[in-house]
Amino acid sequence: MESNASIAAIKGGLIIGLIGIILSMLTYVVDPSMMVDWKFSLISFAISLFLYVYIGKKYRNEEMEGYMTFGDAFKFTFIAGIIGTLLTGFFSIVLFNVIDPELPEVLTEQVLKNTESMMESFGAPTEEMDKALEQIEKDMAGKFSVGGILQGSWAWLLAAAFYALITSAIIKKKRPEFE
1 MESNASIAAI
11 KGGLIIGLIG
21 IILSMLTYVV
31 DPSMMVDWKF
41 SLISFAISLF
51 LYVYIGKKYR
61 NEEMEGYMTF
71 GDAFKFTFIA
81 GIIGTLLTGF
91 FSIVLFNVID
101 PELPEVLTEQ
111 VLKNTESMME
121 SFGAPTEEMD
131 KALEQIEKDM
141 AGKFSVGGIL
151 QGSWAWLLAA
161 AFYALITSAI
171 IKKKRPEFE
């Protein structure tokens, strides 16, 4: 990938990351429990996908004469995704360990509450619910620490690759053969 494409991908990643940080801060200020709400996760997914497509199409139309192979689109959006992931990951470390070190406990309690409510609605037996909630509490311990966030970063990179695959399929545009 040319250096112009790399620079554009980095700029796109900065935009993705900064918008992710702004969204996280707004959520934190309005209602931190939304951070672990599945509906909010769907909204975040849609916003992220929109940003990837917007940035990819903008690059394709302005720098690639309106045409882009799937491979070039994937490289571009994956680099942008990595940059965005690094920014939001760094922000998560700062949020959970500097700005509000009690937030992980609040989010863990909310996850437990959400899970318990869901299991009750399915009619799960009490002993099964207790086991599941205990396991969730164990699994969540340390997830918000610097080490826990860094350890989970592989999942973020997989998500960036997933977004890049979807986006590349949307923004690719083959140049006509006889143009």
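Numbering-wise, full-length UniProt numbering puts 164 at position 164 of the sequence shown, and it's gapless, one number per residue.
Even glycine gets a Cβ: it sits at the ideal position worked out from N, Cα and C.
Query: Per-residue DSSP class, three states only, for residue 68; Result: strand
Query: 8 Å CB neighbourhood of residue 111 in its chain, flanking five on each side removed; Result: 36, 136 and 140
Query: Three-way DSSP call (helix, strand, coil) for residue 172 in this model; Result: coil
Query: Reduced DSSP category for residue 31 - H, G, I as helix; E, B as strand; rest coil; Result: coil
Query: Closest residue to residue 166 among 79, 70 and 84 (Cα-Cα distance); Result: 70
Query: Extent of the continuous alpha helix (DSSP H) to which residue 106 belongs; Result: 103-121
Query: Whole-Å CB distance - residue 173 paired with residue 60, under 8 Å assumed; Result: 7 Å
Query: Buried or exposed (CB count within 10 angstroms, at least 16 for buried), residue 26; Result: exposed
Query: C-alpha gap between residue 38 and residue 178, whole angstroms; Result: 48 Å
Query: Whether residue 144 touches residue 96 by CB criterion (8 Å); Result: yes
Query: Three-state secondary structure (DSSP) of residue 63; Result: helix
Query: C-alpha distance - residue 93 paired with residue 33, whole-angstrom precision; Result: 18 Å
Query: Pairwise C-alpha distance: residue 89 and residue 31; Result: 20 Å
Query: Residue from 49, 67 and 14 with nearest C-alpha to residue 176; Result: 67
Query: Where residue 78 falls, given that 16 or more other Cβ within 10 Å makes a residue buried; Result: buried
Query: For residue 76 and residue 49, the rounded distance between their alpha carbons; Result: 14 Å
Query: Under the three-state DSSP convention, the category residue 138 falls into; Result: helix
Query: Cβ-Cβ separation, residue 115 to residue 133 (assumed contact under 8 Å), whole Å; Result: 6 Å
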